[in-house]
Amino acid sequence: MKQYKLILHWFQVVFQIEVVINEKRHIAELFQSKNKRIKVPVKCFYVNVANHVFLIDAGWSEKVVENAKKHLGFGLYFASEPVMSRDESARSQLNGEHIDCILMTHLDCDHISGIYDFPNKKIFCSREEHKYSHINRIRYGKLLKNRTFDYIDFKDDEKAIFGKSSDIFGDGSVIAYLTPTHSAGSVIYKIIEDNKYYLVVGDNGYMKESWEKGILPGVLYDSGNMLKCLKWIKDKSEDKNCLGILCAHENM
Ligand SMILES: [Zn+2]
Numbered sequence: 003m004k005q006y007k008l009i010l011h012w013f014q015v016v017f018q019i020e021v022v023i024n025e026k027r028h029i030a031e032l033f034q035s036k037n038k039r040i041k042v043p044v045k046c047f048y049v050n051v052a053n054h055v056f057l058i059d060a061g062w063s064e065k066v067v068e069n070a071k072k073h074l075g076f077g078l079y080f081a082s083e084p085v086m087s088r089d090e091s092a093r094s095q096l097n098g099e100h101i102d103c104i105l106m107t108h109l110d111c112d113h114i115s116g117i118y119d120f121p122n123k124k125i126f127c128s129r130e131e132h133k134y135s136h137i138n139r140i141r142y143g144k145l146l147k148n149r150t151f152d153y154i155d156f157k158d159d160e161k162a163i164f165g166k167s168s169d170i171f172g173d174g175s176v177i178a179y180l181t182p183t184h185s186a187g188s189v190i191y192k193i194i195e196d197n198k199y200y201l202v203v204g205d206n207g208y209m210k211e212s213w214e215k216g217i218l219p220g221v222l223y224d225s226g227n228m229l230k231c232l233k234w235i236k237d238k239s240e241d242k243n244c245l246g247i248l249c250a251h252e253n254m
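Just so we're aligned, residue 3 is where the sequence shown starts under the working numbering, counting upward by one.
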């Protein structure tokens with residue numbers, strides 16, 4: 003079987019997560035003192051399947067190397083303080099290789115910033131996420147200003163975890179599931195080849211421990227949905243056809 007060519011980006015970020023309280027939740031405190039923060043990677047994924055070549059999420063932009071405060075705005079900069087060298091950006095690591103488009107799991111700054119390095123690519127997100135980002139400006143900040151997105155075309159699907167799925171390329175190779183969990187329009191992508199699959203879950207869990215122990219990510223849109231989703235991910239992780247669960251901030 004062909005191996006997926008997944009590029010994992012290890013951008014070190016001083017991020018606002020990972021303090022475990024009561025083993026129930028990875029707490030995110032925007033104004034938590036800096037010495038309580040730990041560094042976690044920010045990853046995006048390069049996927050090559052069934053002749054489709056694309057990124058899932060975009061990580062940090064090279065603009066954070068130039069002037070992170072200017073790029074993110076003070077609020078987002080203070081909350082996440084990205085640390086990255088220019089050669090760690092997705093564009094740099096792609097090294098001129100073509101991608102068709104970028105599929106977003108959601109629009110938080112550590113996932114969306116890198117689209118600034120791909121000004122001519124189509125960027126897909128859920129309609130729900132785009133709408134939510136415009137009524138929740140503090141969380142999403144200024145990065146979405148003047149950016150246009152293509153919407154994922156979700157259809158009713160009673161087998162999908164929250165009833166909505168989309169066959170992104172129409173050939174069954176990439177299925178998106180709408181998951182109103184971490185944000186209103188978060189998306190999980192299933193990458194399928196020969197009945198085997200990877201799940202790229204975005205921030206539906208910050209790490210393996212999240213679904214194995216049911217630990218909630220700090221930032222939540224709907225905690226009940228997130229618990230349901232973590233249980234679903236755990237079930238999938240035990241499926242013999244599942245090749246791996248990939249989330250954005252796991253140290254691996
Ligand atoms: Zn994130």
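Where is the CB? At the ideal position from N, CA and C, for every residue including glycine.
Does residue i pass the burial test, meaning 16 or more other C-beta atoms within 10 Å, or should it be called exposed?
i, result
"lysine 233", "exposed"
"histidine 100", "exposed"
"phenylalanine 76", "exposed"
"glycine 204", "buried"
"isoleucine 193", "buried"
"arginine 139", "exposed"
"serine 63", "buried"
"arginine 149", "exposed"
"serine 91", "buried"
"histidine 113", "buried"
"aspartate 263", "Nothing about residue 263 can be reported from this structure: the residues present for the chain run from 3 to 254 only."
"glycine 220", "buried"
"glycine 172", "exposed"
"isoleucine 137", "exposed"
Using C-beta distances below 6 Å, list every residue in its chain close to residue i, excluding the 5 sequence neighbours before and after it, in chain order.
i, result
"serine 167", "Asp159, Ile177, Tyr179"
"phenylalanine 151", "Ile125, Cys127, His132"
"phenylalanine 156", "Lys166, Ser168, Leu180"
"tryptophan 213", "Gly207, Leu232, Ile235, Lys236"
"isoleucine 154", "Phe126, Ser128, Ser168, Ala178"
"lysine 65", "His73, Tyr118"
"lysine 71", "Tyr79"
"glutamine 14", "Summary for glutamine 14: the model assigns pLDDT 48, below 50, so the residue's position carries little reliability; its value from the coordinates is reported in the next sentence. Lys41, Val85."
"lysine 162", "Here residue 162 turns out to be alanine, not lysine, going by the sequence shown. So the list reads Tyr179, once near-sequence residues are dropped."
Less than 8 Å between C-beta atoms, sequence neighbours within five positions excluded: which residues of the same chain meet that for residue i?
i, result
"asparagine 227", "Phe164, Thr181, Pro182, Thr183"
"glutamate 266", "With the chain covering 3 to 254 only, the question about residue 266 has no answer from this structure."
"glutamate 25", "With a pLDDT of 45 at glutamate 25, under the threshold of 50, the modelled position of that residue is not reliable, and no figure is offered here."
"leucine 229", "Gly216, Leu218"
"aspartate 89", "Gln95"
"valine 51", "Tyr6, Ser175, Val176, Ile193, Ile194, Glu195"
"serine 225", "Leu218"
"lysine 238", "Leu201, Cys244, Ile247"
"glycine 143", "Leu74, Gly75, Gly77, Leu78, Cys111"
"arginine 93", "Glu64, Gly116, Asp119, Phe120"
Starting from the C-beta of residue i, find all residues in its chain whose C-beta is less than 7 Å away, skip the five residues before and the five after it, and write them out in chain order.
i, result
"isoleucine 58", "Cys46, Phe47, Val49, Leu105, Thr107, Tyr191, Val202"
"tyrosine 223", "Pro182, Thr183, His184, Ser185, Ala186"
"tyrosine 134", "Ser185, Ala186, Gly187"
"aspartate 102", "His54, Val55, Phe56"
"tyrosine 200", "Tyr6, Ile193, Leu245, Gly246, Leu248"
"asparagine 197", "Asn243"
"lysine 210", "Glu252"
"lysine 123", "Ile101, Cys103, Ile104"
Assuming residue i and residue j are in contact, meaning their beta carbons sit under 8 Å apart, how far apart are those beta carbons, in whole angstroms?
i, j, result
"glycine 207", "cysteine 244", "14 Å between Cβ atoms; not a contact."
"leucine 74", "leucine 146", "Contact flag wrong, Cβ pair sits at about 12 Å."
"serine 87", "valine 55", "Not really, about 25 Å apart at Cβ, beyond 8 Å."
"histidine 251", "valine 44", "7 Å"
"glycine 98", "glycine 61", "About 18 Å; that fails the 8 Å criterion."
At which residue ranges does the stretch 203 to 251 contain complete beta strand (DSSP E) runs of 3 or more residues, listed in the order of the chain?
-> Those beta strand (DSSP E) runs which fall completely within the stretch 203 to 251 and span 3+ residues are 244 to 249.
Please write down, chain order preserved, every residue whose beta carbon lies under 6 Å from a heavy atom of ligand 1.
-> Counting every residue whose Cβ lies closer than 6 Å to a heavy atom of ligand 1, we get Asp110, Asp112, His113, Asp205, Ala250, His251.
What residue ranges within the stretch 113 to 199 form continuous alpha helix (DSSP H) runs of no fewer than 4 residues, ordered along the chain?
-> Whole alpha helix (DSSP H) segments, 4+ residues: 129 to 137, 139 to 142.
In chain order, which alpha helix (DSSP H) runs of at least 4 residues are fully inside the stretch 37 to 115?
-> Considered as a whole, the stretch 37 to 115 harbours 65 to 74, 76 to 82, 92 to 96, 111 to 114 as its complete alpha helix (DSSP H) runs of no fewer than 4 residues, in chain order.
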